Amino acid sequence: MYQLKKNINVITLEAEISGRLGIRTIKMALDTGATYVMIPWEYAEILGYEPNLSTKKISIITASGIERAPLITLNSITVLGKKAENVSAVIHDLPQESYVNGLLGLSYLKNFDTCLYFKHRFSQGF
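Counted the way this note's numbering counts, the sequence shown spans residues 399 to 524.
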């Protein structure tokens, strides 16, 4: 169970991302409107992924317009003790002013049943 904070604008979670070179913890925003998990280039490269060699690219909508970004498969993501393997992720840097380094999208969330109870300020599930 995760305790929701009162008067929040963004739900942030720590996600452990694994790659062939290890595991890194990334601060992510829960984003049910995002089709994919999104992680920054730096973390992808530190973990041993090579996004610049990805043959899969998708169009994403950003504040500056539509951009093409690599789509890779992460070994695993663990959030609140819940692990999902072979998770699709877009590699793209969020603005420096962001509260988070990445987005926890549906490519992770669809692996779990999740309920958010704002009135009671907690969530169950993943």
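All C-beta atoms in this analysis are idealised placements derived from N, C-alpha and C, irrespective of residue type, glycine included. None of the values given here were measured: they were computed from a predicted structure.
Would you tell me roughly how many angstroms separate the C-alpha atoms of Leu428 and Ser496, rounded to the nearest one?
-> Rounded to whole angstroms, the gap between the alpha carbons of Leu428 and Ser496 is 13 Å.
Taking all protein chains shown into account, decide if Val408 is buried (16 or more other Cβ within 10 angstroms of its Cβ) or exposed.
-> Sixteen is the threshold: since fewer than 16 other Cβ atoms of the shown chains lie within 10 Å of the Cβ of Val408, the residue is exposed.
Strand pairing of Tyr441, partner residues [DSSP] = DSSP lists no partner for Tyr441.
Apply the 10 Å Cβ neighbour rule to Ala487 and answer buried if 16 or more other Cβ atoms are within range, or exposed otherwise.
-> Burial call: buried.
Roughly how many angstroms separate the alpha carbons of Glu448 and Cys513, rounded to a whole number?
-> In this structure, the CA atom of Glu448 is about 34 Å from the CA atom of Cys513.
Meets three-Cβ-pair contact criterion under 8 Å: the region 455 to 464 and the region 472 to 480 | With the cut-off at 8 Å, the region 455 to 464 and the region 472 to 480 do not touch.
For Lys455, which residues of its own chain have a beta-carbon under 8 Å away from its beta-carbon, when the five flanking residues on both sides are left out?
-> Excluding positions up to five away in sequence, the list reads Arg466, Ala467, Pro468, Leu469.
For Pro449, which three-state DSSP category applies?
-> Helix, per DSSP.
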